[in-house]
Amino acid sequence: MTDLMIALLVAFAVWTGWRVFRVDSMVRASFALMLSFVAVGAIGVLLSAPYIGVATVFMMAVEMMVMAIFMVMFMMNPAGLNPMVMVHQHRLSIGAGLVAFFGLSAAVLLSPLPSNPVAPGTDVVAQLGHELLGPSMLIFETAGVTLLATMVGAVILSSRQGRFGSADEGSRPPGLTEGGDPAGRQPEGGGGHGHHHHGGH
Amino acid sequence: MTLTLVLLGAAALIGIGLYGALSQQSFVMLMMGLELMLNGALLAIIGFWSLSLGGMPEGQLLAIIVMAVMAVEMAIGFALIVAVYRKRQADMTESIGTLRQ
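If you're matching them up, the sequences are chains A and B in order.
Counting from 1, one number per residue, gives the positions in the first sequence under the UniProt record's numbering.
Counting from 1, one number per residue, gives the positions in the second sequence under the UniProt record's numbering.
Here it is in structure tokens:
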């Protein structure tokens, strides 16, 4: 019974993962990705990892809501009324995806997988807590500091420029030779003002 | 049997994610591909931990680390998208020809 549910959830996770790149609206894509994550979280709950499973569902529900907001900000086709295909190097990508899938599948099918399931009745959540605040505390703390650095970096990267103007105002990259011209395109009009009108659209 | 099934599903998710990360032109869709690959990794970790490690607590720790990586990837990725958009009005990979200054 559990096996059947896990099989169905795996199929659902893969199908929704595939729908991410097949739907016509980016908001639908982010909700499809959320469903895929929820299916993986439910598999975790069924496979006796309740904390990991529930944490995945909560985290991904919030994360995909944030993602949907970004999708609304950046997408060109909000309602999904027109077909949306925005791909490059399509054949190479399909090939790479298939190679990854078949290579990993061959590794899974050809290697002898050890069978040592979690004993029923094991207090896995308490074990995880003791591990996090015991032997692996340094790893856990490192993850916390990494997340703090991420917050600082995200704010710095996404904030508007400070009150003294752009950080690269009037900057000039070093020349290829001593005192020579820098490589690449030159900023127009001297200084660092030239790169605001290279529109992408 | 269950482990094989779960790992095959994880392989499929990683394959689809790789396809998306390589093929999508929009930065946000490209990041969906990265997230999907991490999703596959998480599924594989849960399967291995539950069915072949006998409930070693380090396996759950690895899953938590993968979740932290997801959060970092998403926060920094979106911050970079916003920064690039502010600078060049670009939201597609094709709009960025050079890594200037």
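Just so you know, even glycine gets a beta-carbon here, dropped at the ideal spot from N, CA and C.
Keep in mind the model is a prediction, meaning the values are calculated, not measured.
Which of the residues in the region 38-55 of chain B, read from start to end, lie with their CB under 7 Å from any CB of chain A?
-> N39, L42, L43, I46, G47, W49, S50, L51, S52, L53, G54 and G55
Measure the C-alpha to C-alpha separation of G97(A) and D24(A) and round it to an integer number of angstroms.
-> 21 Å
Which bits of chain A does L80(B) rub up against, with CB to CB less than 7 Å?
-> L157
In its own chain, which residues sit with a C-beta less than 6 Å from the C-beta of G41(A), not counting the 5 before and 5 after it?
-> G53, T56 and V57
Between E178(A) and chain B, is there a C-beta pair that is closer than 9 Å?
-> no
As assigned by DSSP and simplified to three states, the class of M92(B) = strand
Would F31(A) count as contacting chain B if we go by Cβ distances under 9 Å?
-> no
Of all the options M29(B), L7(B), Q25(B) and M32(B), which has the alpha carbon lying nearest to the alpha carbon of E94(B)?
-> Q25(B)
Would you grab the beta carbon distance between residue 222(A) and A79(B) for me? Rounded to a whole angstrom, and I think it's under 8 Å.
-> Only positions 1 to 201 of chain A appear in the structure, and residue 222(A) is not among them; the question remains open.
Closest Cα partner of R91(A) within the set A44(B), M31(B), I65(B) and G20(B) | G20(B)
From this set, S23(B), L62(B), F27(B) and L42(B), which residue's C-alpha is nearest A13(A)'s C-alpha?
-> L42(B)
Report all residues from its chain with a CB closer than 6 Å to the CB of K87(B); omit the five preceding and five following residues, and keep chain order.
-> none
Looking only at its own chain, which residues have a Cβ that is under 8 Å from the Cβ of M74(B), when we skip the five neighbours before and after it?
-> M31 and E35
Contact residues within the region 22-51 of chain A, judged by C-beta distance below 8 Å to chain B | M26, A29, S30, L33, S36, F37, V40, I43, G44, L47, S48, A49 and Y51
Kindly indicate if chain B contains any beta-carbon less than 9 Å away from that of E131(A).
-> yes
Three-state class that DSSP yields for Q127(A) in the structure shown = helix
Neighbourhood of G77(B) by C-beta distance below 6 Å, restricted to the same chain and skipping five residues each side | M31
So is D91(B) buried or exposed if we call it buried at 16+ other beta carbons inside 10 Å?
-> buried
Proximal chain A residues relative to L3(B), where beta-carbon distance stays under 8 Å = L113 and S115
Evaluate contact between the region 62-71 of chain A and the region 29-40 of chain A, counting only Cβ atoms and requiring at least three cross-stretch pairs below 8 Å.
-> yes
For V20(A), go through chain B and note every residue whose CB falls closer than 7 Å to its CB, in chain order.
-> G20, M32 and L36
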